[in-house]
Amino acid sequence: DSGVTQTPKHLITATGQRVTLRCSPRSGDLSVYWYQQSLDQGLQFLIQYYNGEERAKGNILERFSAQQFPDLHSELNLSSLELGDSALYFCASSGLAGGGANVLTFGAGSRLTVL
Amino acid sequence: DQQVKQNSPSLSVQEGRISILNCDYTNSMFDYFLWYKKYPAEGPTFLISISSIKDKNEDGRFTVFLNKSAKHLSLHIVPSQPGDSAVYFCAASATGGYNKLIFGAGTRLAVHP
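If you read the protein sequences in the order shown, they are chains B and P.
Read in order, the letters of the first sequence are residues 1096 to 1210 in my numbering.
Read in order, the letters of the second sequence are residues 206 to 318 in my numbering.
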């Protein structure tokens, strides 16, 4: 158990629908990151939050949005779902505030299947 | 624009031999490099890192080498064990980029008895 909790583990939905993925970071970590892994591809950075504020954005679609709440958990909202959104979505957390290697701790992922 | 590239999708090695996984990067602003290991149905787990001011970092059977002039790093596993069979991701970060990690596509390592 990495300490990063993601729910749900699996989700099957239809095109056009909206889903919400939830992440609880490791205790004490202020930063939350969301990554997408499509079939046989690397992890694509979507977005980062630090203590409730958006810090960095990657190639996140406009149909996707995220937020980090005061209790530091985060949600990734995916709307108007398309077949190509089927992927593993990973949340990671870290406590890094300054320099040094940013070792992210990953959750087990949420597998989204869009039919 | 792939800033971190792992050009070998897969690698097969015999148990006890050395496994060498390679990674190339394009962004000269990267100052930390990390390797992650991923088993099926699990999230990636951190393996080893190296700062750009070093050219080698060792942790048990795992050694990472960095060649800044070539923008290349490699992970050596000696000796390889069947339990090392997993997907290995190379990742990089730049201190000015809020430390987000940019990942390569991964290399699937299979270690055969």
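Using N, Cα and C, we set each Cβ at its ideal position, and we do this for glycine too.
Any C-beta of chain P under 9 Å from that of Phe-1140 (chain B): Here residue 1140 (chain B) refers to the residue found at position 45 when the first sequence is read from its first residue. It does; some Cβ of chain P falls within 9 Å.
Simplified DSSP state of Leu-226 (chain P), which is helix, strand or coil: The count along the second sequence starts at 1 and reaches residue 226 (chain P) at position 21. Reduced to three states, the DSSP call for Leu-226 (chain P) is strand.
Members of the stretch 244-264 of chain P that neighbour chain B once the beta carbon cut-off is set at 9 Å: Within the stretch 244-264 of chain P, the qualifying residues are Ala-246, Glu-247, Gly-248, Pro-249, Thr-250, Phe-251, Ser-254, Ile-255, Ser-256.
Where the beta strand (DSSP E) through Tyr-1130 (chain B) begins and ends: As a working note, residue 1130 (chain B) is residue 35 in the first sequence. 1126-1132 is the extent of the beta strand (DSSP E) around Tyr-1130 (chain B).
The stretch 1113-1128 of chain B: positions lying closer than 7 Å to chain P by Cβ: Within the stretch 1113-1128 of chain B, the residues whose Cβ lies closer than 7 Å to some Cβ of chain P are Tyr-1128, listed in chain order.
Stretch pair the stretch 1173-1184 of chain B + the stretch 1096-1116 of chain B: three plus CB contacts closer than 8 Å: Taking 8 Å as the limit for Cβ pairs, the verdict is that the stretch 1096-1116 of chain B does touch the stretch 1173-1184 of chain B.
Simplified DSSP assignment, three categories, for Phe-264 (chain P): The residue labelled residue 264 (chain P) in the question sits at position 59 within the second sequence. Note that residue 264 (chain P) is Asp in the sequence shown, not Phe. Here DSSP, grouped into helix, strand and coil, assigns Asp-264 (chain P) to strand.
Contact check, Ser-217 (chain P) vs Leu-280 (chain P), beta carbons under 9 Å: Translated into the one-based positions of the second sequence, residue 217 (chain P) becomes position 12. Translated into the one-based positions of the second sequence, residue 280 (chain P) becomes position 75. Cβ atoms of Ser-217 (chain P) and Leu-280 (chain P): not closer than 9 Å.
Ser-1097 (chain B) at chain P interface by Cβ criterion, 9 Å: On the first sequence, position 2 is the one that residue 1097 (chain B) refers to. At least one chain P Cβ lies under 9 Å of Ser-1097 (chain B).
Identity of the residue in P:Thr-300, P:Phe-308, P:Gly-309, P:Val-316 nearest Met-234 (chain P) by Cα: Taking the second sequence and counting its residues from 1, the one referred to as residue 234 (chain P) is at position 29. For Met-234 (chain P), the closest C-alpha among the options P:Thr-300, P:Phe-308, P:Gly-309, P:Val-316 is that of P:Thr-300.
Spatially closest choice to Phe-267 (chain P) from P:Tyr-244, P:Ser-285, P:Thr-250, P:His-277, by CA coordinates: If you number the second sequence from 1, residue 267 (chain P) lands on position 62. Closest option to Phe-267 (chain P), Cα to Cα, is P:Ser-285.
Assigned secondary structure, Thr-1110 (chain B) (DSSP; H/G/I helix, E/B strand, else coil): Along the first sequence, one-based indexing puts residue 1110 (chain B) at 15. It is coil, neither helix nor strand.
Nearest residue (CA-CA) to Asn-1146 (chain B), options B:Pro-1165, B:Ala-1203, B:Asn-1172: Working through the first sequence from its first residue, we reach residue 1146 (chain B) at position 51. Taking only the C-alpha atoms, the option nearest Asn-1146 (chain B) is B:Pro-1165.
Contact under 9 Å by Cβ, His-277 (chain P) with Tyr-230 (chain P): The residue given as residue 277 (chain P) occupies position 72 in the second sequence. The residue given as residue 230 (chain P) occupies position 25 in the second sequence. Contact flag set, yes.
Exposed unless 16 or more other CB atoms sit within 10 angstroms - verdict on Thr-1110 (chain B): As a first step, residue 1110 (chain B) must be located in the first sequence, where it is residue number 15. Within a 10 Å sphere around the beta-carbon of Thr-1110 (chain B) sit fewer than 16 other beta-carbons, which makes this residue exposed.
Cβ shell of Gly-288 (chain P) (< 7 Å), same chain only, five flanking positions each side left out: For the purposes of this step, residue 288 (chain P) is taken as residue 83 along the second sequence, with counting starting at 1. Closer than 7 Å at the Cβ level, and outside the excluded window around Gly-288 (chain P), lies no residue.
From B:Gly-1190, B:Leu-1173, B:Asn-1197, residue whose alpha carbon lies closest to that of Gln-1131 (chain B): For the purposes of this step, residue 1131 (chain B) is taken as the residue at position 36 of the first sequence. If we check each option's Cα against that of Gln-1131 (chain B), B:Leu-1173 comes out closest.
Cβ pair Phe-251 (chain P), Tyr-241 (chain P) closer than 9 Å: Taking the second sequence and counting its residues from 1, one reaches residue 251 (chain P) at position 46. Taking the second sequence and counting its residues from 1, one reaches residue 241 (chain P) at position 36. Using a Cβ distance threshold of 9 Å, Phe-251 (chain P) and Tyr-241 (chain P) count as a contacting pair.
Collapsed DSSP secondary structure at Thr-231 (chain P) in the structure displayed: In the second sequence, counting from the first residue as 1, residue 231 (chain P) sits at position 26. The three-state reading of DSSP puts Thr-231 (chain P) in coil, since its state is none of H, G, I, E or B.
Residue interval of the beta strand (DSSP E) (run including Arg-1206 (chain B)): What you label residue 1206 (chain B) is simply residue 111 of the first sequence in a count that begins at 1. Counting along the chain, Arg-1206 (chain B) sits inside the beta strand (DSSP E) bounded by residues 1205-1209.
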